[in-house]
Amino acid sequence: MTGASQSGVMRVPAMEAALKVDWSTAALDKVAISTDGLLNDLHGSADYRAHLIKVMAKRAPGSFE
Numbered sequence: 049m050t051g052a053s054q055s056g057v058m059r060v061p062a063m064e065a066a067l068k069v070d071w072s073t074a075a076l077d078k079v080a081i082s083t084d085g086l087l088n089d090l091h092g093s094a095d096y097r098a099h100l101i102k103v104m105a106k107r108a109p110g111s112f113e
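Heads up, my numbering is the position in the sequence shown plus 48, with the first residue counted as 1.
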């Protein structure tokens, strides 16, 4: 889940599906995060937030390898 969306916290089903198949950070490399509905303001563009969603998912404590 992430709070980068215009409507608050959201799930990223593509990431969830990838991790069900392969519980590793590498599984997230192929997932494309859409910028649709992401915040785009002076604190960060939608593209930047989409990038951060993957970065933060890979850094989630105790979640991988």
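Glycine included, C-beta positions come from ideal geometry on N, C-alpha and C.
As the structure is a prediction and not an experimental result, all values here were calculated from the model.
Taking 8 Å as the limit between beta carbons, can you name the residues of its chain near residue 85, skipping five residues before and five after? Position 37 of the sequence shown holds residue 85. So the qualifying residues of the chain are 53, 54, 55, 58.
Does residue 52 come out as helix, strand or coil in the three-state DSSP assignment? As a first step, residue 52 is located in the sequence shown; it is residue number 4 there, counting from the start. In the structure shown, residue 52 sits in a strand (DSSP, three-state: E or B).
Beta-carbon contacts of residue 82 that lie in its chain and below 8 Å, excluding the five residues immediately before and after: If you number the sequence shown from 1, residue 82 lands on position 34. Closer than 8 Å at Cβ, skipping near neighbours: 98.
Sorry if obvious, but does the Cβ on residue 81 come closer than 8 Å to a heavy atom of the ligand HEM? Of the ligands one can find in the structure shown there are none, so the ligand HEM has no counterpart to examine.
Does the beta-carbon distance from residue 69 to residue 102 come in below 9 Å? As a position in the sequence shown, residue 69 is number 21, starting the count at 1. As a position in the sequence shown, residue 102 is number 54, starting the count at 1. No, the Cβ-Cβ distance between residue 69 and residue 102 is not below 9 Å.
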